[in-house]
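Heads up: the protein sequence lines correspond to chains A and B, in order.
In terms of this note's numbering, the first sequence opens at residue 1192 and continues consecutively.
In terms of this note's numbering, the second sequence opens at residue -7 and continues consecutively.
Yeah, the Cβ is synthetic: ideal placement off N, Cα and C, and Gly gets one too.
In this text, all values refer to a predicted model and were calculated from it rather than measured experimentally.
One structure below.
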Amino acid sequence: MKKEKHQAILDEIWPRVKRKHLYPEIPMPKVGELGDSEEGAAGKDEGVGLEMKEKQMTVNSAFLSSLKGRIPEEQAIEALLDHGITHYTFCPWDFHTHVALYAEAKKVMGDKALAKRAANYFIDVVSDTHCVKKRFSDIPELHRSLKKGKVEEVIASLYQRIWGIDLGVSSSGKSGKGYEEAVRRLARIPYLDRSRWNESILKFCRTMKPLLLEEQQGEGSQGGKGESSPTGDHDFNNYSYEEIDEGMREYASEKMALSEFREMVEDFSEELKEAGYGMEGGMGRGRGTSIDADVLFYMKLAENYAIPLRKVLVEEKGTLHPHSHAPWEVGSPYQDVDIWTSFGKIMPGITQIWKKKEGKGRGRVEGTPDCLIAIDSSGSMINPRKSLSYAVLGAACASNAYLRNGSKVAVYNFSDAPMGGKDTLDYTDRREAIYRVLCKYFGGGTALDLDDLVPLIRSRKNLDLFVITDMKITNLEALISYFGQIENRVTAVHIGENPYAARFEKAVEKRSNINIFTVKRKEDIPNIILGKIREYFHSTHRGP
Amino acid sequence: MKNLPHQNKDLADPPSRNPRPIRNPFEEFKVYSFVKTDIPLDRIVESTEVVMDEIRRGYEKLLEEEAKELVWMVQYNTIIKAYEVAERYVKEIRYSAEDIEDFCFALEDTQRIPYLIPGPAGLYISALSNYAQEAEIVLKLSELKTEINLLGFRLPKGKRLIIEGDTGDFTGIGVEGGELVVEGNAKNWTGAGMRSGKILVKKNIGLHTGEWMMGGEIHVEGRVRGLGNIVEGKVFERDKLVYPGKARYPSLYY
């Protein structure tokens, strides 16, 4: 009965709230009974007032009932909606900002749970302050009527100071005079300046740390698992899979730091698994068993680079025809986009591409060959699991280019191959399997075992080879002699000038199918490889 | 029957001649009035920025005068002179203890302050602390990447400076009756030339501790790596008096 009444109030005020927030693209909120509301109601607090899951807001009916007599239900609902909408329209805005704020908080707090809590408080302060400043809101009324713990009381004191509204918190309250200094420090933070959020959250955490530690210790002694914010917690349920994917990509490319990315993925492993990230059975939708943060880092980083591949003449059984639809990814060929089912939009999650299938018959048609990537993981190369390896990134970008064009990729990862330092992956289109082998690191000496390579090359009629190494290969002569016999397109990338590289260059200089790229600075590898590959494919293959 | 011709006429009419009322999709915004509220936060942030600009300018002037080639040598005369210059600029600014902490972090932001020279920076922060209105100043510097030298220089009587984090060399030199608390480690030459007052270091302290100190007390809760040539005063290591006491050779590891 209560629920229906609350739903009716919500239905009535929603158009007004939506208009106030300039019509945000979010679905109509619902009234429901949230999981821990009963527990919360029985305890010292009212439970959670609002839950957000993939933009769907649910207002907790039990929470509203618990506020009876302290604030009119209509005001409470409107305040909760204002708060929820502002998370979408201002702070954190997107997954990337959310994670970036958390990462900054962790630098000060040191502890995962404390950092999450500090980031949540910061996000709430920013959102509520934005609401109070920019939109006429009942949020102050809601805060006035909520029961407060020690930290909430400090936050309410902060609101009193920065909003200039009396929320009924006195300096002689639970927070007492000891927290006056904390409130004074917190009040100096430019919450509404988005460009300074990273700096602001550090300042916020420095001040909040003793309070949150005290709260955590109190909960620990009581066996509690931490209070939920009455206006709702901020977890990854707020974001869709596509938003998380996009955020991870941005985070990887912005930081370019493997250790920070790994730390973030490990901290949020449970949430990411919930969202569908897991290596087993594919890094896609569906719950997996574990997340390999390093592989995920290279995967997301490589997605920021797109290499166009010029097609070559390949012999097929027949011509290709559109067969089925697949979701479009950044870097997929635009010519395959089905504009009719994509509603004319190029946007991951909406746009669809045609998956083509061979028809019956035989002839020579344009296509993309499969690719064999040989990657050196000897001691002279960077360990991709310790720091950013541009060799792995370069190979990852190349493999993406082939996979996006419907080709398959095989990987031969080697150090001292005759002694067992090698891993081979047969032709596949499973991206995570390819990345796993690319990320393997053996260390030690460098020697190729041609007996491993030959079957991989001979089994394919049309094949590109991509070799990335520092060329300090002990059996280089054998490799040169083998490359002299094959007709496949070969892209060889070597790091730095050395006698081995010079010998290799001289030996294959007359071979038009072999292109060698020297990289003097390791950091240049992604750019040089990508640029040169583009140049190479465009200049040597002009189609029929 | 009379209506029929009219109906036909209506159908025959081009739409332009019989315009239907088209609803402006942005109609609702016509009456939308944007309510922008000024909140105290705006004023606080603005005034904080103004004060920070003044503090920053003072520091830049100090560098212009005392570290022209961006090189600054720690010598008795250079310290005294730089501090006098810092005092001159600091006296003109009205600031709070929180502004000092913000300045410490701004020093590491090259966008805001292009040059961080630990010596003059430390003297400038010392001058700011010594002339602050508050008797007790807490600087939460644990996340600062640079260890600033010369913090707590000439801390006067009645002032208490608490530094959360580690400090660099020459911490608390020439303390003049104030109380300096370092909630971390302090490097070499801590408390050199102090006249009176107290220095408390919660972790370890480096070499030449209390060199030429004329009075006051240095309490170290961790290890003292080496004492300097102390004239007068007391040094405690984990509550145990180490100077004056058994002969402990100055500047030696123990």
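{"query": "Listed in chain order, which residues of the region 1311 to 1333 of chain A have Cβ atoms closer than 8 Å to some Cβ of chain B?", "result": "T1320, V1323, K1324, K1325, R1326, F1327"}
{"query": "Thinking C-beta only, is H1289/A closer than 8 Å to P1283/A?", "result": "yes"}
{"query": "Which residues in the same chain have their Cβ closer than 7 Å to the Cβ of G109/B, if we skip the five residues on either side of it in sequence?", "result": "One detail in the question is off: residue 109/B reads as Ile in this sequence, not Gly. Only L55, A59, L62, W64 meet the Cβ criterion."}
{"query": "Using a Cβ cut-off of 8 Å (strictly closer), state whether K1355/A contacts chain B.", "result": "Before going on, a small fix: residue 1355/A reads as Gly here, not Lys. So, interface residue."}
{"query": "Between the alpha carbons of D1357/A and L1349/A, how many angstroms are there, rounded?", "result": "11 Å"}
{"query": "Look up K1244/A in the DSSP assignment and say whether it is helix, strand or coil.", "result": "strand"}
{"query": "Figure out for me which residue from I155/B, V130/B, I210/B, E171/B has the closest Cα to the Cα of R146/B.", "result": "E171/B"}
{"query": "Short of 6 Å in beta carbon distance, which residues of its chain neighbour C1396/A, apart from the five on each side in sequence? Order them along the chain.", "result": "A1296, V1299, M1300, A1309"}
{"query": "I need the straight-line Cα distance from V227/B to V234/B, nearest angstrom please.", "result": "6 Å"}
{"query": "Below 6 Å CB to CB, which residues in the same chain sit around D1485/A once its five sequence neighbours on both sides are set aside?", "result": "R1576, C1630"}
{"query": "Just the C-alpha distance for H1278/A and A1294/A, rounded to the nearest angstrom, thanks.", "result": "18 Å"}
{"query": "Assign H1685/A to buried or exposed, taking buried as 16 or more other Cβ atoms, counted over all protein chains shown, within 10 Å of its Cβ.", "result": "buried"}
{"query": "Relative to the C-alpha of T159/B, which residue among I197/B, E126/B, V66/B, R49/B is closest?", "result": "I197/B"}
{"query": "Give, in chain order, every residue of the region 129 to 160 of chain B whose Cβ lies closer than 7 Å to some Cβ of chain A.", "result": "K132, E135"}
{"query": "Counting C-beta neighbours from all protein chains within 10 Å, is the total for Y1593/A 16 or more, i.e. buried, or is it exposed?", "result": "buried"}
{"query": "Residues in the region 1368 to 1384 of chain A with C-beta within 9 Å of chain B's C-beta atoms, listed in sequence order?", "result": "E1372, R1375, R1376, A1378, R1379, I1380, P1381, Y1382, L1383, D1384"}
{"query": "Identify each residue in the region 1281 to 1306 of chain A for which the Cβ-Cβ distance to at least one residue of chain B is less than 9 Å, and report them in chain order.", "result": "K1298, V1299"}
{"query": "Compare the C-beta of L1487/A with all C-beta atoms of chain B and state if any pair is closer than 8 Å.", "result": "no"}
{"query": "Taking Cβ to Cβ, would you say T201/B is nearer than 8 Å to G214/B?", "result": "no"}
{"query": "Say whether the region 1599 to 1608 of chain A touches the region 1688 to 1698 of chain A, bearing in mind that this needs 3 or more beta-carbon pairs closer than 8 Å, one atom from each stretch.", "result": "no"}
{"query": "Would you say V212/B faces chain A, with C-beta separation under 8 Å as the test?", "result": "no"}
{"query": "Can you tell me where the beta strand (DSSP E) holding I155/B begins and where it ends?", "result": "152 to 156"}
{"query": "With a threshold of 16 other CB atoms inside 10 Å of the CB of A1347/A, please say whether the residue is buried or exposed.", "result": "buried"}
{"query": "For T1532/A, does the count of other Cβ atoms within 10 angstroms reach 16, so buried, or fall short, so exposed?", "result": "exposed"}
{"query": "For D1655/A, which of helix, strand or coil comes out of DSSP?", "result": "strand"}
{"query": "Just to confirm, does L1333/A get its C-beta within under 7 Å of one of the non-hydrogen atoms of the ligand ADP?", "result": "Of ligands this structure carries none, so the ligand ADP is not represented either."}
{"query": "Within a Cβ cutoff of 6 Å, which residues of the same chain sit near S1256/A, ignoring the five residues on either side of it in sequence?", "result": "K1193"}
{"query": "Can you tell me whether DSSP reads P1381/A as helix, strand or coil?", "result": "coil"}
{"query": "Below 8 Å, how does it come out for the region 1576 to 1589 of chain A and the region 1635 to 1644 of chain A: are there three or more Cβ pairs, yes or no?", "result": "no"}
{"query": "If you follow the alpha helix (DSSP H) that E1457/A is in, where does it begin and where does it stop?", "result": "1449 to 1458"}
{"query": "For Y1673/A and D1527/A, I'd like the C-alpha separation in whole angstroms.", "result": "37 Å"}
{"query": "Taking 8 Å as the CB-CB limit, is I36/B close to chain A?", "result": "yes"}
{"query": "Is it a yes or a no for the region 1316 to 1333 of chain A touching the region 1429 to 1441 of chain A, going by three-plus beta-carbon pairs under 8 Å?", "result": "no"}
{"query": "I need the straight-line Cα distance from A1693/A to K1491/A, nearest angstrom please.", "result": "34 Å"}
{"query": "Contact check, V1681/A vs N1704/A under 8 Å by CB: the rounded distance?", "result": "6 Å"}
{"query": "For the beta strand (DSSP E) containing N1428/A, list its first residue and its last residue.", "result": "Segment: none, N1428/A is in no beta strand (DSSP E) and carries neither H nor E."}
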